[in-house]
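291 is the number that this note's numbering gives to position 39 of the sequence shown; each next residue is one higher, with no gaps.
All residues carry an ideal CB built from backbone N, CA and C; glycine is no exception.
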Amino acid sequence: MSDSLPGIAGEIEEIIGLELTVVLLRRRGGCEIKIPAKSKNTVLSQIIGEEAVEKLRKEFGAVQITLPCANFRGSKARRSEAKALLLKGHSVSQVALACDLHTRTIHRYRAELDQEAEERGEGAQMRFDL
């Protein structure tokens, strides 16, 4: 098994390499994928290429695999970046656009930051216009 990634992700990494595994997890992490019997002109081959699909098929067979989600789709990174931008004074709209998140999500992060500040006795953070 891979030293880089745990579980099925590590097994996939050993077969197709870290770079393609990360691409696959970013595009389909948390979803069930079908390794097709034929690798040509499939959704999976569009993501990782026909050669990589063929390698997976030879190793696993034509089966369905549930890919782990972890943070490969970037939610933890986007959340951290969004909160950092809010703390720097960026508007909700600016943060939403920069982090590819909905403004409702950014408002929720803003509320979380305000709550954390109140708990530390710092009072609520400044509010920013949309």
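Query, Result
"According to DSSP, simplified to helix, strand and coil, what is T318?", "strand"
"By DSSP, does E374 sit in helix, in strand, or in coil?", "coil"
"Mind reading off the beta-carbon distance from Q316 to E284? Whole number of angstroms is fine, and I expect it under 8 Å.", "5 Å"
"In three-state DSSP terms, what is K335?", "helix"
"What does the Cβ neighbour count give for R379, buried or exposed, with the cut at 16 atoms within 10 Å?", "Reliability fails at R379, whose pLDDT of 48 lies under 50, so the model's placement of it is uncertain and no value is given."
"Just the Cα atoms here: how many angstroms apart are D352 and F312?", "35 Å"
"State buried or exposed for S332, treating a residue as buried only when at least 16 other CB atoms are found within 10 Å of its CB.", "exposed"
"When you compare the CB positions of L319 and G282, do they come within less than 8 Å of one another, or not?", "yes"
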